[in-house]
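Structure, as structure tokens:
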């Protein structure tokens with residue numbers, strides 16, 4: 001019984017091999033025969049010139065190629081597939097493959113129509129030069145406005161200051177001349193805070209610059225010491241205005257460049273006014289601070 005069952009399984013496997021394998025092979029060969037290489041060119045319908053870098057996509061698939069700079073392309077397709085061709089400035093086109101296949105290849109030219117988009121109308125006005133603007137501004141007549149100070153209601157201010165009469169201008173601290181309602185701007189506290197903030201900001205910038213440009217850095221780059229180093233520092237700071245924003249590599253490059261000329265121009269005693277302090281930095285090597 002076992003021998004007969006085993007023989008039956010062997011016969012069944014053999015039958016499947018003889019029947020299924022030829023079918024699979026035939027399907028693969030059929031697929032290979034159906035697919036072919038399509039070469040072509042995408043051209044402008046009005047000029048018949050190639051459209052560079054157009055997109056060629058097999059419709060209903062994610063597969064496609066891009067044309068070269070002359071508009072030529074090459075893609076593997078099947079007879080029943082359509083090409084979706086598009087390019088910037090042209091209307092998209094879906095076209096079937098109609099060329100005759102010879103030896104597994106074909107050539108087809110695809111033409112695209114230019115497309116135009118109408119933009120909304122834009123008005124352009126000439127504002128003239130800066131001098132004309134200033135001249136027109138000075139000549140402009142201001143409209144007559146109501147005198148706010150003269151018609152101001154002092155009722156609330158009387159209640160605040162505890163007086164039956166309108167407060168005199170001197171009592172209205174923070175108000176404009178004549179008891180008007182124009183405030184002077186920022187209070188003293190705000191100005192004081194701004195002043196302190198500016199000082200801290202400047203100190204912070206100075207510290208950054210000290211780390212970027214100092215005597216130790218110049219000494220490490222040039223190997224100079226003593227009086228020559230002091231003179232070199234003066235020589236560099238007279239010709240450069242480094243700030244806290246100057247890049248480190250730029251500062252190092254300028255130090256090397258100035259040192260090359262310093263070696264040729266240096267005369268002992270000429271730069272004897274160099275300042276050498278404990279922080280190994282030079283005074284007055286920052287740009288002037290704008291006080292406005």
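Numbering (UniProt numbering), first residue to last: 1 to 292.
Where a beta carbon is used, it is the ideal one built from N, C-alpha and C, also for glycine.
| Check | Outcome |
| --- | --- |
| Give the secondary structure of residue 47 by DSSP, where H, G and I count as helix, E and B as strand, and everything else as coil. | coil |
| Between residue 70 and residue 58, what straight-line distance do the alpha-carbon atoms span, to the nearest angstrom? | 20 Å |
| So, are the CB atoms of residue 65 and residue 51 less than 7 Å apart? | no |
| I'd like to confirm the pairing. Which residues does DSSP put opposite residue 223 in its beta bridges? | The partner list for residue 223 (beta bridge, DSSP) is empty, contrary to what the question assumes. |
| Just how far apart, CA to CA, sit residue 108 and residue 102? | 12 Å |
| Considering only residues of the same chain and omitting the five flanking positions on each side of residue 72, which have a CB-CB separation below 6 Å? | 41 |
| For residue 206, is the classification buried or exposed, using 16 other Cβ atoms within 10 angstroms of its Cβ as the cut-off for buried? | exposed |
| Would you mind stating whether residue 213 and residue 249 have Cβ atoms separated by less than 7 Å? | no |
| Identify which residue in 261, 225, 263 and 209 has its Cα closest to the Cα of residue 242. | 209 |
| Quick one: grab the DSSP three-state call for residue 261. | helix |
| Where does residue 36 sit, in a helix, a strand or coil, going by DSSP? | strand |
| Return the residue from the list 234, 247, 244 and 245 that minimises the CA-CA distance to residue 262. | 234 |
| Out of 215, 232, 83 and 76, point me to the one whose CA is closest to residue 54's CA. | 83 |
| I'd like the span of the beta strand (DSSP E) that includes residue 214, first residue to last. | Taken as a continuous stretch (DSSP letters only), residue 214 belongs to no beta strand (DSSP E), as it is neither H nor E. |
| Give the straight-line distance between the Cα atoms of residue 100 and residue 37, rounded to the nearest whole angstrom. | 11 Å |
| So which of 137, 120 and 121 has the shortest CA-CA distance to residue 128? | 137 |
| Enumerate in chain order the residues of its own chain whose CB-to-CB distance from residue 175 is below 6 Å, with the five nearest sequence positions on each side excluded. | Here residue 175 scores only 46 on pLDDT, less than 50, and its place in the model should not be relied on; the value that follows carries that caveat. Closer than 6 Å at the Cβ level, and outside the excluded window around residue 175, lies no residue. |
| Could you check if residue 181 is buried or exposed, using at least 16 other CB atoms within 10 Å of its CB as the buried criterion? | Per-residue confidence for residue 181 stands at a pLDDT of 46, beneath the threshold of 50, marking its modelled position as unreliable; the derived number appears in the next sentence. Residue 181 should be labelled exposed. |
| Please report how far the alpha carbon of residue 244 lies from the alpha carbon of residue 217, in whole angstroms. | 15 Å |
| Could you name the residues that DSSP lists as bridge partners for residue 242? | DSSP output for residue 242 lists no bridge partner at all. |
| Per DSSP, what kind of secondary structure is residue 197 in: helix, strand or coil? | helix |
| Residue 259 and residue 229 look like a contact to me (Cβ under 8 Å); what is the Cβ gap, rounded to whole Å? | About 11 Å; that fails the 8 Å criterion. |
| Counting only the same chain and skipping the five closest in sequence on each side, list residues whose C-beta sits under 7 Å from that of residue 254. | 240 |
| Under a Cβ-count criterion, where at least 16 other Cβ atoms within 10 Å of its own Cβ denotes burial, should residue 142 be classed as buried or exposed? | exposed |
| Checking the sheet assignment: what are the DSSP bridge partners for residue 102? | 105 |
| Would you kindly report the start and end of the unbroken alpha helix (DSSP H) that includes residue 136? | 130–139 |
| Could you tell me which residues DSSP puts in a beta bridge with residue 65? | 56 |
| Short of 6 Å in beta carbon distance, which residues of its chain neighbour residue 222, apart from the five on each side in sequence? Order them along the chain. | 259 |
| State yes or no: is the C-beta of residue 95 within less than 7 Å of the C-beta of residue 110? | yes |
| Quick one: Cα of residue 211 to Cα of residue 247, how far? | 12 Å |
| When we look at the beta-carbon of residue 265 and count the other beta-carbons within 10 Å, is it buried (16 or more) or exposed? | exposed |
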